[in-house]
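>
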Amino acid sequence: MAVYKGLKSDTDVFTSWTVSMAQALGHDLNSVPRQKGSARTGAKGVAGSSKRASKVSSKDLRAHAAYIANNKAKITMPMDIFRAVKRAIASRKYQTKKYELEEEAESEDTVGHKNFTKVLEEVCAVLSTRVDFKLVIRNKDATEKKKTRKIENLYSALELEETDLDDAMPDTPPQSQSSASAPKKLPPPREFELALEAKEEVSLRIECLKADRTELLKHISLVAYRAYGGVIDLGTAAMVIGAAIAQFKHEEEEIIALAESINLHHLLQPKDAKRTIYDQTHDSLEDIWTVVRNTPLYIIPLQRLHLRKGITSAGWEQKEEFLVKYIPDAHIDHELRTRTWENAAVNALGLSQPLGPASLDELTKEIYRTLTDHWSPLTMSFAAEILWTMNRPEMHNRVDSDGLLLEQLRVVTEPLKLAADAGFKMDRQAKSALEKFRTIQHWIESSPVARQKYNVLRRLPASDPMSGIQHDILPQLMVTAQGRAEFLQRYNSVPDPTSDPQAQQQYLNDYYDVSREADFLRRKNPMYCGKLLMDLLLAYEEVGLASANSGAVLLSMAHIYVALLDQKILVRTWPRLTDVINTHIGTLFLGKFPDNPQKAYNRLLLASGFSATLVTALKDECEKNPRLASKLKRAKNSASKDETKDAWAMTSRPVVQILREHFSGKEPDLLRTMYRIDNEFMKQSKEKLPRSILDGEGTVAFLTKLEAELSDIANLLNINYVSLACACTELFQQMYEKIIASDASHGSAVASEDWKAPNHRGYGIALRVLGELEEDYLASSKRRKVDTPTTDIVASVLSEYIAREHPASPEHNFDKGGVDA
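Per this note's numbering, the sequence shown starts with residue 11, numbered consecutively.
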């Protein structure tokens with residue numbers, strides 16, 4: 011991750027420069043006879059398909075450096091490369107010393123590291139006799155911030171000692187050398203890396219991973235504090251922490267694979283003499299795992315730490331007791347998901363969509379891996395340490411994650427219920443998204459883990475000393491007596507033993523207590539609630555967009571609204587519609603608001619998916635009346651295939667679409683999802699050659715960017731598209747009836763229930779309004795006045811609605827143009 015990648019990158023940059031410069035000066039240790047014909051073509055093909063860096067031995071690197079030093083040409087090394095090798099030397103010294111102290115290693119265990127560092131120091135000393143170090147400006151037009159390539163000093167916080175190379179750095183940059191003294195032509199850039207013994211590489215990567223673990227835990231603690239303080243939502247925090255876990259796990263699995271391939275698996279196990287806090291957590295999880303395998307019940311009879319190992323650390327014992335309580339609930343959650351909520355058995359619950367596996371947070375996933383035969387020890391203990399950090403007294407009492415989840419569920423469920431009560435008809439896509447939403451809703455409201463927990467405790471053998479504690483759980487499940495009675499009816503045939511306080515106390519003297527909290531899993535893990543919340547909001551937005559896109563309702567109302575504001579016919583703003591317009595201006599207005607009524611009319615047609623040619627052909631013959639939409643629709647259907655799409659269909663942000671594919675199961679792997687988001691960040695970058703944040707700047711930098719992006723997205727996911735679409739549809743119905751009443755030639759009124767179905771009636775009204783405004787605009791140049799009866803009706807209905815529903819809405823800033831942000 012960050013430490014190892016940074017250290018290796020610094021070393022490789024310096025190695026690549028040294029080898030490339032020596033080759034440019036004519037030095038080639040690996041010269042081979044020139045190949046001919048097909049042999050040379052085949053060799054080129056192999057070389058072109060391989061992107062791996064070439065290995066360079068320590069001996070060859072010394073030879074390249076000696077050749078450069080003995081050359082008469084004066085060479086200039088960019089200062090950032092010189093600083094990179096200084097960081098690499100200092101960092102390797104620090105990691106070697108740290109390994110010796112923490113693992114109590116013998117001197118021969120680190121001889122490879124010391125020799126590797128010595129090679130770098132010797133090469134630098136040789137080069138300093140011939141090479142100048144200069145701050146190179148690659149682009150004269152660039153800003154000061156971009157004049158040098160930025161390589162972050164990842165180790166400044168370690169207070170490392172400076173190397174002996176400080177004397178080689180000149181006080182002022184030397185003057186540029188003449189072209190005669192420099193190599194005439196540099197070869198194409200190639201990547202080289204210094205060869206390292208496999209054992210040294212494994213031990214180095216392990217130490218770097220431990221350093222990353224410390225930095226990630228600090229960053230995650232800050233993320234948790236921001237979530238507890240309400241600065242960011244739980245869904246954002248859950249995704250950020252999950253991404254950190256996924257990255258950490260990926261690095262550990264790479265190290266494990268490397269160690270096992272060369273039979274060095276023992277390097278992954280710390281020595282008993284000196285164990286870090288993570289290793290202690292790992293010990294506890296191993297012990298819990300062993301007990302669970304022997305007694306597969308809810309209660310884990312793990313002997314207390316001071317009795318089992320003679321350790322009296324209060325903090326460690328509290329952490330161990332917490333894990334003893336958490337793992338059984340995680341096991342119940344896993345069983346319910348895999349047996350019921352993630353397969354066809356969900357139909358028995360009256361639901362048609364399963365609960366996605368991605369809604370379970372990475373902390374619970376990794377800790378649950380304790381119960382399996384295949385797990386990553388560092389990742390497992392890292393996840394447990396994060397969870398325990400969140401539940402320390404100074405943190406976990408600051409937020410009721412379960413309460414926040416239920417409150418958010420109530421907020422987003424209310425508009426859907428209103429739409430259902432109103433009989434608003436949705437298309438197939440909206441109905442499918444709604445079923446998915448209801449599955450998540452049912453899981454949150456019914457709390458199946460808590461109910462199953464009661465079921466398991468109720469069925470404990472009467473001989474079990476903890477038998478009877480189900481009575482502590484029941485009041486938390488059902489508050490009212492009626493609900494409790496209905497719940498207990500299914501247990502009429504199951505014995506209901508009472509507790510034996512004396513037997514329980516005797517048990518607790520030797521073993522850890524059992525969780526008496528019904529919903530312990532999600533109340534003690536805000537990230538569990540955060541993942542459910544993110545899944546809930548993604549489904550909520552999907553339902554909203556599907557409903558809004560079922561007809562051109564929002565497109566039509568948006569164009570009417572902006573046109574009336576632009577002509578100062580409408581004075582006050584509609585906040586909810588304004589938010590949607592500003593969010594989807596690219597779709598609704600092709601990225602820019604029209605600045606006059608003539609452009610507004612054409613912009614509506616173009617935003618609807620008509621080509622410029624079709625708009626011109628229709629313009630002279632279209633009758634501007636509410637039934638114009640059907641004529642336009644027939645013309646559109648006869649156009650090309652690309653012109654028949656619903657161009658007004660609003661879509662989610664690319665990052666939201668990536669997250670939705672992850673939660674829906676199309677891309678279940680979280681690590682690949684994070685790399686897809688990283689790739690999206692590169693697309694959004696304004697740099698000419700954007701670099702990957704994950705591979706370039708490190709995990710912490712990516713998590714910071716991800717947190718900012720998700721915090722912005724969280725506001726968009728809460729947009730109430732459904733209620734807004736219902737309101738617009740009803741307003742168009744009122745407008746249509748008044749237009750019919752004012753002009754009987756347009757036909758009879760529609761049925762009272764017709765407005766609830768998706769239709770294009772509002773689109774026809776929008777065309778008529780914009781057509782009247784365009785005609786009036788063109789007539790104004792000839793000092794003529796045109797009647798706008800439809801516009802007057804529409805403006806009246808819209809003004810009355812805004813005054814009634816949003817009496818405190820601000821007046822529009824007409825100098826600003828468009829709509830108020």
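Backbone N, C-alpha and C define an ideal beta-carbon position, used for all residues, glycine too.
#1: Going by DSSP in three states, V29 sits in which element: helix, strand or coil?
#2: Pull up the CB-CB distance for E376 and P364, whole angstroms please, since I reckon it's below 8 Å.
#3: Can you tell me where the beta strand (DSSP E) with T86 in it begins and where it stops?
#4: Relative to the alpha-carbon of V409, which residue among E810, V524, T399, G239 has its alpha-carbon at the smallest distance?
#5: DSSP state of F202, grouped into three classes?
#6: With distances taken Cα to Cα, identify the nearest neighbour of V241 among I78, R794, A724.
#7: With respect to the alpha helix (DSSP H) encompassing S456, which residues constitute its N-terminal and C-terminal limits?
#8: Going by the DSSP bridge assignment, what does S64 pair with across the sheet?
#9: Answer with buried or exposed for D366, where buried requires no fewer than 16 other C-beta atoms within 10 angstroms of its C-beta.
#10: Roughly how many angstroms separate the alpha carbons of N2 and I216, rounded to a whole number?
#11: Under the three-state reduction of DSSP, which class applies to Y571: helix, strand or coil?
#12: Helix, strand or coil, according to DSSP, for Y521 in the structure here?
#13: Suppose the cutoff is 6 Å on Cβ atoms and the five residues either side in sequence are ignored; what does the same chain contact list for T449 look like?
#14: Looking only at its chain, what residues have a beta carbon closer than 6 Å to the beta carbon of K534, apart from the 5 residues adjacent to it on each side?
#15: With respect to the alpha helix (DSSP H) encompassing A256, which residues constitute its N-terminal and C-terminal limits?
#16: How many angstroms separate the CA atom of A556 from the CA atom of K335?
#17: In angstroms with no decimal places, state the Cα-to-Cα distance between N559 and D22.
#18: Indicate the three-state DSSP secondary structure (helix, strand or coil) for D343 in the structure shown.
#19: Enumerated in chain order, which unbroken segments of the beta strand (DSSP E) with a length of 3 residues or greater are wholly contained in the stretch 585 to 610?
#20: How would you call P338, buried or exposed, if buried means at least 16 neighbouring beta carbons within 10 angstroms?
#21: Could you spell out where the alpha helix (DSSP H) holding D802 opens and where it closes?
#22: Please classify S525: is it buried, with 16 or more other beta-carbons within 10 angstroms of its beta-carbon, or exposed?
#23: Which residue from G554, H594, H37, I703 puts its Cα closest to that of L428?
#24: With distance defined between alpha-carbon atoms, name the residue in D482, I812, D722 nearest to D243.
#25: Is it true that the CB of E296 sits closer than 7 Å to the CB of L315?
#26: Just how far apart, CA to CA, sit F620 and T246?
#27: If Q8 and T714 are in contact, beta carbons under 8 Å, what's the gap, nearest whole angstrom?
#28: Provide the residue span of the alpha helix (DSSP H) that contains T305, from first to last.
#29: Out of P387, L777, L518, point me to the one whose CA is closest to M476's CA.
#30: List the residues that DSSP assigns as beta-bridge partners of T582.
#31: Determine the contact status of T291 and A393, defining contact as a CB-CB distance below 7 Å.
#32: Restricting to Cα atoms, I'd like to know which of T106, K108, A94 is closest to C134.
#33: Please name the residue, chosen from R438, I265, T423, that lies closest to S431 on a Cα-to-Cα basis.
#34: Taking the alpha carbon of A254 as the point to measure from, which residue in Y235, R236, L227 has its own alpha carbon closest?
#35: Indicate the three-state DSSP secondary structure (helix, strand or coil) for D410 in the structure shown.
#36: Going straight from the alpha carbon of V233 to that of V250, what length do you get?
According to the structure data:
#1: The answer is helix: DSSP assigns V29 an H, G or I state.
#2: Approximately 23 Å separates the beta-carbon atoms of E376 and P364; this is outside 8 Å, ruling out the contact.
#3: In the DSSP annotation of this structure, the continuous segment of the beta strand (DSSP E) that includes T86 starts and ends at 85 to 88.
#4: Looking at the Cα atoms, G239 is the closest of the given residues.
#5: Judged by DSSP in its simplified three-state form, F202 adopts strand.
#6: Distance from the Cα of V241 is smallest, within the candidate group I78, R794, A724, for A724.
#7: Per DSSP, S456 is one residue of the alpha helix (DSSP H) stretching across 438 to 456.
#8: Partner(s): F202.
#9: Rather than Asp, the amino acid found at residue 366 in this sequence is Gly. The C-beta of G366 has 16 or more other C-beta atoms within 10 Å across all chains shown, which makes the residue buried.
#10: With the chain covering only 11 through 831, there is no way to say anything about residue 2.
#11: DSSP places Y571 in helix when its eight states are reduced to three.
#12: In this structure, Y521 counts as strand in the three-state DSSP scheme.
#13: Contacts found: L361, Q363, L365.
#14: N401.
#15: Residues 244 to 271.
#16: If I take the Cα positions, the gap works out to 42 Å.
#17: So the two alpha carbons sit approximately 52 Å from each other.
#18: For D343, the three-state secondary structure derived from DSSP is helix.
#19: Taking only runs of at least 3 residues, no beta strand (DSSP E) segment lies wholly in the stretch 585 to 610.
#20: Looking at its Cβ environment, which holds 16 or more other Cβ atoms inside 10 Å, P338 is buried.
#21: 799 to 815 is the span of the alpha helix (DSSP H), which, as asked, contains D802.
#22: Sixteen is the threshold: when 16 or more other Cβ atoms of the shown chains lie within 10 Å of the Cβ of S525, as they do, the residue is buried.
#23: With distances taken between Cα atoms, L428 lies closest to G554.
#24: The candidate whose alpha carbon is nearest that of D243 is D722.
#25: Taking 7 Å as the Cβ cut-off, L315 and E296 do not qualify as a contacting pair.
#26: If you take the alpha carbons of F620 and T246, they lie about 39 Å apart.
#27: Outside the displayed span of the chain (11 to 831) sits residue 8, for which this structure offers no information.
#28: Bounds of any alpha helix (DSSP H) do not take in T305, whose DSSP letter is neither H nor E.
#29: Closest by alpha carbon: L518.
#30: It is worth fixing the name first, because residue 582 is Arg in this sequence and not Thr. R582 is bridged by DSSP to E821.
#31: It is not a contact, given that the beta carbons lie outside the stated cut-off.
#32: Out of T106, K108, A94, A94 has the C-alpha closest to the C-alpha of C134.
#33: For the sequence presented, residue 431 should be read as Asp rather than Ser. Minimum Cα distance to D431 is reached at T423.
#34: Comparing Cα-Cα distances from A254 to each of Y235, R236, L227, the minimum goes to L227.
#35: Annotated three-state conformation of D410 is coil, per DSSP.
#36: Our two residues, V233 and V250, have alpha carbons roughly 8 Å apart in a direct line.
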